[in-house]
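**Student:** Quick one: structure below, then a few questions.
Residue numbers (my numbering): 10 to 391.
Put into C-alpha coordinates, the structure is as follows:
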(Lines of atoms letter the chains of each structure in order from A and count residues from 1; the text may use other names and numbers.)
(Lines give C-alpha, C1' and ligand atoms only; values in the text may rest on other atoms or scores of the structure.)
Protein backbone atom coordinates (compact mmCIF):
# COMPACT_ATOMS: atom_id res chain seq x y z
CA UNK A 1 0.00 0.00 0.00
CA UNK A 2 2.75 2.41 0.95
CA UNK A 3 4.73 1.72 -2.20
CA UNK A 4 1.82 2.41 -4.53
CA UNK A 5 0.67 5.47 -2.58
CA UNK A 6 4.17 6.92 -2.38
CA UNK A 7 4.84 6.74 -6.08
CA UNK A 8 1.50 7.97 -7.44
CA UNK A 9 2.36 10.85 -9.74
CA UNK A 10 -0.41 13.09 -8.43
CA UNK A 11 0.33 12.48 -4.72
CA UNK A 12 2.79 14.93 -3.20
CA UNK A 13 3.91 16.29 0.16
CA UNK A 14 4.61 19.82 1.34
CA UNK A 15 7.44 20.93 3.60
CA UNK A 16 7.71 24.40 5.14
CA UNK A 17 11.06 25.43 6.63
CA UNK A 18 10.48 27.76 9.59
CA UNK A 19 13.95 29.02 10.57
CA UNK A 20 13.30 30.69 13.92
CA UNK A 21 15.13 29.61 17.06
CA UNK A 22 15.76 31.13 20.48
CA UNK A 23 19.18 29.45 20.54
CA UNK A 24 21.32 27.42 18.13
CA UNK A 25 22.43 24.11 19.64
CA UNK A 26 26.07 23.04 19.52
CA UNK A 27 25.48 20.30 16.93
CA UNK A 28 22.91 22.06 14.71
CA UNK A 29 23.84 22.69 11.06
CA UNK A 30 20.42 23.84 9.84
CA UNK A 31 19.64 27.38 8.73
CA UNK A 32 18.21 29.21 11.75
CA UNK A 33 17.75 32.86 12.67
CA UNK A 34 16.72 34.71 15.87
CA UNK A 35 13.10 34.63 16.95
CA UNK A 36 12.14 38.24 16.11
CA UNK A 37 8.72 39.57 15.13
CA UNK A 38 10.22 41.62 12.28
CA UNK A 39 11.78 38.49 10.81
CA UNK A 40 8.48 36.62 11.13
CA UNK A 41 6.61 39.31 9.20
CA UNK A 42 9.27 39.23 6.49
CA UNK A 43 9.13 35.43 6.41
CA UNK A 44 5.35 35.29 5.99
CA UNK A 45 5.44 37.87 3.19
CA UNK A 46 8.08 35.89 1.31
CA UNK A 47 6.39 32.56 1.96
CA UNK A 48 3.07 33.79 0.59
CA UNK A 49 4.79 34.97 -2.59
CA UNK A 50 6.50 31.61 -2.98
CA UNK A 51 3.23 29.77 -2.35
CA UNK A 52 1.41 31.59 -5.14
CA UNK A 53 4.44 31.13 -7.39
CA UNK A 54 4.07 27.35 -7.03
CA UNK A 55 0.27 27.16 -6.92
CA UNK A 56 -0.29 26.59 -10.67
CA UNK A 57 2.03 23.56 -10.51
CA UNK A 58 0.27 22.21 -7.43
CA UNK A 59 -3.29 22.63 -8.72
CA UNK A 60 -3.58 19.12 -10.17
CA UNK A 61 -1.86 17.42 -7.23
CA UNK A 62 -3.24 15.79 -4.09
CA UNK A 63 -1.54 16.47 -0.78
CA UNK A 64 -0.57 13.45 1.33
CA UNK A 65 1.16 15.26 4.19
CA UNK A 66 2.31 18.66 5.42
CA UNK A 67 5.40 19.12 7.58
CA UNK A 68 6.56 22.25 9.39
CA UNK A 69 10.28 21.82 10.15
CA UNK A 70 13.01 24.11 11.31
CA UNK A 71 14.35 25.76 13.26
CA UNK A 72 11.56 25.71 15.77
CA UNK A 73 8.25 26.04 13.88
CA UNK A 74 6.30 26.20 17.14
CA UNK A 75 7.76 29.71 17.60
CA UNK A 76 5.94 31.00 14.50
CA UNK A 77 2.60 31.04 16.30
CA UNK A 78 -0.70 29.27 15.71
CA UNK A 79 -2.29 32.17 13.74
CA UNK A 80 0.52 32.04 11.15
CA UNK A 81 0.38 28.25 10.88
CA UNK A 82 -3.40 28.46 10.53
CA UNK A 83 -2.97 31.01 7.72
CA UNK A 84 -0.54 28.76 5.83
CA UNK A 85 -2.89 25.79 6.17
CA UNK A 86 -5.76 27.94 4.93
CA UNK A 87 -3.83 28.55 1.69
CA UNK A 88 -3.61 24.80 1.19
CA UNK A 89 -7.23 24.06 2.09
CA UNK A 90 -8.48 26.89 -0.13
CA UNK A 91 -6.73 25.79 -3.30
CA UNK A 92 -5.76 22.12 -3.03
CA UNK A 93 -7.18 18.69 -2.23
CA UNK A 94 -5.83 16.23 0.34
CA UNK A 95 -5.70 12.49 -0.28
CA UNK A 96 -7.65 11.76 2.94
CA UNK A 97 -10.04 13.53 5.27
CA UNK A 98 -7.46 13.39 8.04
CA UNK A 99 -4.04 14.04 6.47
CA UNK A 100 -0.88 14.01 8.56
CA UNK A 101 0.07 17.60 9.47
CA UNK A 102 3.22 17.74 11.60
CA UNK A 103 4.75 20.56 13.63
CA UNK A 104 8.24 20.38 15.12
CA UNK A 105 8.60 21.80 18.62
CA UNK A 106 11.14 21.97 21.43
CA UNK A 107 10.16 21.05 25.00
CA UNK A 108 10.95 24.49 26.44
CA UNK A 109 8.38 26.12 24.14
CA UNK A 110 5.53 23.70 24.81
CA UNK A 111 2.57 24.54 27.01
CA UNK A 112 -0.86 22.96 27.04
CA UNK A 113 -2.36 26.28 25.94
CA UNK A 114 0.00 26.65 22.97
CA UNK A 115 -0.55 23.08 21.81
CA UNK A 116 -4.32 23.57 22.11
CA UNK A 117 -4.00 26.57 19.79
CA UNK A 118 -2.00 24.51 17.30
CA UNK A 119 -4.52 21.68 17.45
CA UNK A 120 -7.27 24.18 16.64
CA UNK A 121 -5.16 25.51 13.75
CA UNK A 122 -5.05 22.03 12.20
CA UNK A 123 -1.89 20.40 13.58
CA UNK A 124 -2.53 16.71 14.37
CA UNK A 125 1.03 15.45 14.87
CA UNK A 126 3.89 16.97 16.86
CA UNK A 127 7.58 16.04 16.69
CA UNK A 128 9.39 17.00 19.90
CA UNK A 129 13.17 17.44 19.98
CA UNK A 130 14.03 15.70 23.24
CA UNK A 131 17.47 14.35 22.11
CA UNK A 132 18.38 12.99 25.57
CA UNK A 133 17.01 12.76 29.11
CA UNK A 134 20.43 12.92 30.76
CA UNK A 135 21.01 16.30 32.51
CA UNK A 136 24.74 16.41 31.75
CA UNK A 137 24.27 15.54 28.07
CA UNK A 138 21.55 18.17 27.72
CA UNK A 139 24.17 20.73 28.79
CA UNK A 140 26.76 19.28 26.41
CA UNK A 141 24.29 19.65 23.52
CA UNK A 142 23.39 23.15 24.77
CA UNK A 143 19.72 22.26 24.92
CA UNK A 144 17.51 24.72 26.81
CA UNK A 145 15.17 22.19 28.44
CA UNK A 146 15.54 19.88 31.41
CA UNK A 147 14.70 16.19 31.40
CA UNK A 148 11.55 16.89 33.41
CA UNK A 149 10.47 19.61 30.98
CA UNK A 150 10.83 17.11 28.12
CA UNK A 151 8.53 14.66 29.91
CA UNK A 152 6.05 17.40 30.78
CA UNK A 153 6.00 18.55 27.13
CA UNK A 154 4.80 15.14 25.97
CA UNK A 155 1.99 15.02 28.51
CA UNK A 156 0.91 18.62 27.82
CA UNK A 157 0.75 17.90 24.09
CA UNK A 158 -1.49 14.90 24.76
CA UNK A 159 -3.68 16.92 27.12
CA UNK A 160 -4.11 19.48 24.33
CA UNK A 161 -5.69 16.75 22.20
CA UNK A 162 -2.74 15.85 19.97
CA UNK A 163 -2.19 12.13 20.46
CA UNK A 164 0.18 11.49 17.52
CA UNK A 165 3.51 12.43 19.10
CA UNK A 166 7.00 11.71 17.81
CA UNK A 167 10.24 12.36 19.66
CA UNK A 168 13.84 12.71 18.45
CA UNK A 169 16.55 10.87 20.36
CA UNK A 170 20.33 11.02 19.86
CA UNK A 171 23.16 8.61 20.61
CA UNK A 172 26.94 8.59 20.02
CA UNK A 173 27.16 11.72 22.17
CA UNK A 174 30.34 12.94 23.91
CA UNK A 175 30.52 11.29 27.33
CA UNK A 176 27.46 9.10 26.71
CA UNK A 177 27.81 5.62 28.22
CA UNK A 178 25.77 2.47 27.69
CA UNK A 179 24.29 2.86 31.18
CA UNK A 180 23.13 6.41 30.45
CA UNK A 181 21.70 5.32 27.10
CA UNK A 182 19.87 2.32 28.52
CA UNK A 183 18.27 4.44 31.26
CA UNK A 184 17.04 6.92 28.65
CA UNK A 185 15.62 4.13 26.47
CA UNK A 186 13.78 2.55 29.41
CA UNK A 187 12.20 5.87 30.31
CA UNK A 188 11.32 6.78 26.72
CA UNK A 189 9.63 3.46 25.90
CA UNK A 190 7.15 3.96 28.74
CA UNK A 191 5.98 7.36 27.52
CA UNK A 192 2.71 7.92 25.59
CA UNK A 193 4.40 8.53 22.23
CA UNK A 194 3.49 6.99 18.88
CA UNK A 195 6.80 7.45 17.08
CA UNK A 196 10.52 7.86 17.66
CA UNK A 197 13.28 9.00 15.30
CA UNK A 198 16.78 7.90 16.26
CA UNK A 199 19.89 9.84 15.25
CA UNK A 200 23.56 9.23 15.87
CA UNK A 201 25.61 12.38 16.26
CA UNK A 202 27.39 13.61 13.17
CA UNK A 203 29.75 16.54 13.63
CA UNK A 204 28.91 18.91 10.78
CA UNK A 205 30.84 21.93 9.47
CA UNK A 206 29.71 25.37 10.66
CA UNK A 207 28.69 24.07 14.11
CA UNK A 208 30.16 24.67 17.56
CA UNK A 209 30.93 20.95 17.81
CA UNK A 210 32.94 21.19 14.58
CA UNK A 211 35.16 23.84 16.16
CA UNK A 212 35.57 21.65 19.24
CA UNK A 213 35.93 18.34 17.42
CA UNK A 214 39.56 17.66 18.38
CA UNK A 215 38.51 17.49 22.05
CA UNK A 216 35.04 16.01 21.47
CA UNK A 217 36.15 13.06 19.36
CA UNK A 218 38.13 11.73 22.32
CA UNK A 219 34.89 11.66 24.33
CA UNK A 220 32.73 9.85 21.76
CA UNK A 221 31.69 6.22 22.29
CA UNK A 222 33.95 3.75 20.46
CA UNK A 223 32.53 1.91 17.41
CA UNK A 224 31.64 -1.24 19.37
CA UNK A 225 29.78 0.79 22.01
CA UNK A 226 28.00 2.77 19.31
CA UNK A 227 26.82 -0.44 17.65
CA UNK A 228 25.66 -1.80 21.01
CA UNK A 229 23.71 1.42 21.63
CA UNK A 230 21.88 0.96 18.34
CA UNK A 231 21.12 -2.71 19.02
CA UNK A 232 19.89 -1.87 22.53
CA UNK A 233 17.60 0.81 21.10
CA UNK A 234 15.98 -1.71 18.76
CA UNK A 235 15.33 -4.26 21.51
CA UNK A 236 14.35 -1.92 24.37
CA UNK A 237 12.00 0.17 22.24
CA UNK A 238 10.36 -3.01 20.90
CA UNK A 239 9.69 -4.10 24.50
CA UNK A 240 7.69 -0.89 24.88
CA UNK A 241 5.71 -1.46 21.67
CA UNK A 242 7.80 0.85 19.48
CA UNK A 243 8.59 -1.41 16.54
CA UNK A 244 11.35 -0.53 14.13
CA UNK A 245 10.04 -0.01 10.59
CA UNK A 246 13.00 1.87 9.10
CA UNK A 247 16.69 2.18 9.88
CA UNK A 248 16.15 5.14 12.22
CA UNK A 249 12.39 5.12 12.82
CA UNK A 250 10.16 3.31 15.31
CA UNK A 251 6.37 3.38 15.61
CA UNK A 252 3.66 2.21 17.97
CA UNK A 253 0.36 0.86 16.60
CA UNK A 254 1.47 1.37 12.99
CA UNK A 255 1.84 5.15 13.32
CA UNK A 256 4.52 5.45 10.66
CA UNK A 257 5.55 8.94 9.62
CA UNK A 258 3.63 9.29 6.36
CA UNK A 259 5.70 12.32 5.44
CA UNK A 260 9.01 10.49 5.85
CA UNK A 261 7.67 7.42 4.04
CA UNK A 262 7.31 9.78 1.09
CA UNK A 263 11.02 10.59 1.23
CA UNK A 264 11.91 6.90 1.29
CA UNK A 265 9.57 5.97 -1.59
CA UNK A 266 10.31 8.91 -3.92
CA UNK A 267 7.01 10.71 -3.48
CA UNK A 268 7.54 14.22 -4.88
CA UNK A 269 7.72 16.91 -2.22
CA UNK A 270 7.89 20.66 -2.46
CA UNK A 271 9.86 22.60 0.14
CA UNK A 272 8.99 26.24 0.80
CA UNK A 273 10.87 28.80 2.89
CA UNK A 274 14.54 29.76 3.08
CA UNK A 275 16.93 26.76 2.77
CA UNK A 276 14.05 24.33 2.04
CA UNK A 277 14.88 21.33 -0.16
CA UNK A 278 12.54 19.86 -2.78
CA UNK A 279 12.35 16.72 -4.89
CA UNK A 280 10.18 17.43 -7.93
CA UNK A 281 10.11 16.14 -11.52
CA UNK A 282 13.16 13.99 -10.75
CA UNK A 283 15.15 17.08 -9.75
CA UNK A 284 16.51 18.08 -6.35
CA UNK A 285 16.75 21.76 -5.54
CA UNK A 286 17.15 24.07 -2.57
CA UNK A 287 16.11 27.61 -1.73
CA UNK A 288 18.74 30.13 -0.71
CA UNK A 289 19.60 29.85 3.00
CA UNK A 290 19.15 33.53 3.77
CA UNK A 291 15.84 35.18 4.66
CA UNK A 292 16.68 38.57 3.13
CA UNK A 293 17.91 37.10 -0.17
CA UNK A 294 14.96 34.69 -0.23
CA UNK A 295 12.44 37.51 0.14
CA UNK A 296 14.30 39.86 -2.22
CA UNK A 297 14.25 37.29 -5.02
CA UNK A 298 10.53 36.68 -4.62
CA UNK A 299 9.68 40.39 -4.41
CA UNK A 300 11.54 40.85 -7.71
CA UNK A 301 9.58 38.00 -9.28
CA UNK A 302 12.62 35.73 -9.34
CA UNK A 303 13.11 32.18 -8.08
CA UNK A 304 14.73 31.80 -4.63
CA UNK A 305 16.36 28.52 -5.72
CA UNK A 306 20.17 28.60 -5.50
CA UNK A 307 21.01 24.92 -6.06
CA UNK A 308 19.57 22.20 -8.29
CA UNK A 309 20.66 18.88 -9.73
CA UNK A 310 19.18 16.15 -11.87
CA UNK A 311 20.55 12.64 -11.55
CA UNK A 312 20.83 10.33 -14.53
CA UNK A 313 18.02 7.72 -14.67
CA UNK A 314 20.46 4.97 -13.67
CA UNK A 315 21.93 6.91 -10.74
CA UNK A 316 18.43 7.86 -9.58
CA UNK A 317 17.30 4.21 -9.68
CA UNK A 318 20.28 2.99 -7.67
CA UNK A 319 19.92 5.75 -5.10
CA UNK A 320 16.19 5.11 -4.75
CA UNK A 321 16.78 1.38 -4.33
CA UNK A 322 19.25 2.07 -1.51
CA UNK A 323 16.86 4.51 0.16
CA UNK A 324 13.85 2.17 -0.10
CA UNK A 325 15.87 -0.61 1.53
CA UNK A 326 15.89 1.54 4.67
CA UNK A 327 12.29 0.38 5.14
CA UNK A 328 12.48 -3.00 6.84
CA UNK A 329 9.65 -4.52 4.80
CA UNK A 330 12.00 -4.19 1.85
CA UNK A 331 11.45 -3.59 -1.85
CA UNK A 332 9.15 -5.40 -4.27
CA UNK A 333 11.66 -5.72 -7.12
CA UNK A 334 9.13 -6.29 -9.91
CA UNK A 335 7.05 -3.30 -8.85
CA UNK A 336 10.16 -1.18 -8.40
CA UNK A 337 11.41 -1.96 -11.92
CA UNK A 338 7.96 -1.45 -13.40
CA UNK A 339 7.91 2.09 -12.00
CA UNK A 340 11.56 3.11 -12.20
CA UNK A 341 13.24 0.95 -14.83
CA UNK A 342 15.43 -2.14 -14.93
CA UNK A 343 18.13 -2.61 -12.30
CA UNK A 344 21.09 -4.97 -12.21
CA UNK A 345 20.58 -7.65 -9.57
CA UNK A 346 24.34 -8.26 -9.33
CA UNK A 347 25.00 -5.84 -6.45
CA UNK A 348 22.01 -7.21 -4.48
CA UNK A 349 23.18 -10.79 -5.02
CA UNK A 350 26.65 -9.83 -3.79
CA UNK A 351 25.13 -8.18 -0.71
CA UNK A 352 23.17 -11.38 -0.09
CA UNK A 353 26.42 -13.38 -0.18
CA UNK A 354 27.80 -10.96 2.42
CA UNK A 355 24.79 -11.60 4.65
CA UNK A 356 23.52 -8.02 4.41
CA UNK A 357 20.48 -8.46 2.14
CA UNK A 358 17.90 -11.24 1.76
CA UNK A 359 16.39 -11.92 -1.67
CA UNK A 360 13.18 -13.91 -1.29
CA UNK A 361 9.79 -14.13 -3.03
CA UNK A 362 10.62 -11.25 -5.35
CA UNK A 363 11.60 -8.87 -2.56
CA UNK A 364 14.89 -7.49 -1.32
CA UNK A 365 15.15 -6.65 2.35
CA UNK A 366 17.90 -6.00 4.85
CA UNK A 367 18.99 -8.79 7.16
CA UNK A 368 19.56 -7.99 10.84
CA UNK A 369 23.24 -7.55 9.99
CA UNK A 370 22.28 -5.37 7.03
CA UNK A 371 20.32 -3.08 9.36
CA UNK A 372 23.35 -2.69 11.60
CA UNK A 373 25.67 -2.04 8.66
CA UNK A 374 23.32 -0.16 6.34
CA UNK A 375 26.03 2.32 5.31
CA UNK A 376 27.91 -0.57 3.70
CA UNK A 377 24.78 -1.61 1.80
CA UNK A 378 24.16 1.92 0.55
CA UNK A 379 27.76 2.44 -0.53
CA UNK A 380 27.71 -0.76 -2.62
CA UNK A 381 24.46 0.20 -4.37
CA UNK A 382 25.05 3.87 -5.12
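We put the beta carbon where it would ideally sit given N, CA and C, even for glycine.
Can you give me the start and stop residues for the beta strand (DSSP E) that residue 297 sits inside?
**Tutor:** No beta strand (DSSP E) holds residue 297; DSSP gives it neither H nor E.
**Student:** Between the Cα of residue 299 and the Cα atoms of 39, 126 and 349, which residue gives the shortest distance?
**Tutor:** Comparing Cα-Cα distances from residue 299 to each of 39, 126 and 349, the minimum goes to 39.
**Student:** Measure the CB-CB distance between residue 198 and residue 270 and report whether it falls below 7 Å.
**Tutor:** no
**Student:** Buried or exposed: where does residue 326 fall if 16 or more other Cβ atoms within 10 Å of its Cβ makes it buried?
**Tutor:** buried
**Student:** Restricting to runs no shorter than 3 residues, where is the beta strand (DSSP E) found entirely within the region 46–129?
**Tutor:** 71–79 and 109–114
**Student:** Of the choices 333, 341, 57 and 231, whose alpha-carbon is the least far from that of residue 91?
**Tutor:** 57
**Student:** Could you pull out every residue in the same chain whose Cβ sits closer than 7 Å to the Cβ of residue 313, ignoring the five residues on either side in sequence?
**Tutor:** 59, 296, 297, 303, 306 and 307
**Student:** Beta-carbon of residue 286 versus every beta-carbon of chain D: anything under 7 Å?
**Tutor:** Structure shown: chain D not included; a single protein chain is present.
**Student:** If distances are taken between C-alpha atoms only, which option among 194, 193 and 182 comes closest to residue 212?
**Tutor:** Comparing C-alpha distances from residue 212 to each of 194, 193 and 182 shows the shortest one belongs to 182.
**Student:** So, for residue 71: in the same chain, excluding its five sequence neighbours on each side, which residues have a beta-carbon less than 6 Å away from its beta-carbon?
**Tutor:** When the five nearest sequence neighbours on each side are left out, the beta carbons in the same chain lying within less than 6 Å of the beta carbon of residue 71 are those of 19, 20, 102 and 104, in order along the chain.
**Student:** For the region 250–268 against the region 331–342, are there 3 or more C-beta pairs whose distance is under 8 Å?
**Tutor:** yes
**Student:** Ignore the nearest five residues each way along the sequence and tell me which others in residue 248's own chain have a CB closer than 8 Å to its CB.
**Tutor:** 198
**Student:** Under 8 Å: do the region 216–224 and the region 68–85 share three or more Cβ pairs, one atom per stretch?
**Tutor:** Verdict: no, contact absent.
**Student:** Out of 130, 135 and 88, which has the shortest C-alpha to C-alpha gap to residue 266?
**Tutor:** Comparing C-alpha distances from residue 266 to each of 130, 135 and 88 shows the shortest one belongs to 135.
**Student:** Are the beta-carbon atoms belonging to residue 27 and residue 82 less than 7 Å from one another?
**Tutor:** yes
**Student:** Roughly how many whole angstroms lie between the Cα atoms of residue 141 and residue 151?
**Tutor:** One C-alpha to the other measures close to 11 Å.
**Student:** Are the beta-carbon atoms of residue 390 and residue 330 separated by less than 7 Å?
**Tutor:** yes
**Student:** What number of angstroms, rounded off, separates the C-alpha of residue 217 from the C-alpha of residue 36?
**Tutor:** 6 Å
**Student:** With a threshold of 16 other CB atoms inside 10 Å of the CB of residue 111, please say whether the residue is buried or exposed.
**Tutor:** buried
**Student:** Going by DSSP in three states, residue 174 sits in which element: helix, strand or coil?
**Tutor:** Residue 174 falls in the strand class under three-state DSSP.
**Student:** According to DSSP, is residue 252 helix, strand or coil?
**Tutor:** strand
**Student:** Does DSSP put residue 389 in a helix, a strand or coil?
**Tutor:** helix
**Student:** Would you report the Cα separation of residue 242 and residue 194, rounded to the nearest angstrom?
**Tutor:** 7 Å
**Student:** Where residue 348 and residue 50 are concerned, what is the direct C-alpha to C-alpha distance, given to the nearest angstrom?
**Tutor:** Taking the straight line joining both Cα atoms gives about 43 Å.
**Student:** Looking only at DSSP bridge pairs, what is residue 269 linked to?
**Tutor:** BP columns for residue 269 are empty, so no partner.
**Student:** Please state whether DSSP places residue 41 in a helix, a strand or coil.
**Tutor:** coil
**Student:** Please state if the CB of residue 89 and the CB of residue 53 are separated by a distance shorter than 7 Å.
**Tutor:** yes
**Student:** Between the Cα of residue 204 and those of 262, 364 and 291, spot the shortest distance and give me the residue it belongs to.
**Tutor:** 262
**Student:** Determine the DSSP secondary structure at residue 169, reduced to helix, strand or coil.
**Tutor:** coil
**Student:** Over the uninterrupted beta strand (DSSP E) stretch that includes residue 349, give me the two end residues.
**Tutor:** Here residue 349 belongs to no beta strand (DSSP E); instead the alpha helix (DSSP H) covers 342–349.
**Student:** Answer with buried or exposed for residue 192, where buried requires no fewer than 16 other C-beta atoms within 10 angstroms of its C-beta.
**Tutor:** exposed
**Student:** Quick test of your reading: residue 132 and residue 174, contact by CB under 8 Å. State the CB separation rounded to the nearest angstrom.
**Tutor:** Actually they do not touch by this definition, with Cβ atoms about 11 Å apart.
**Student:** Name the DSSP beta bridge partners of residue 286, please?
**Tutor:** 295
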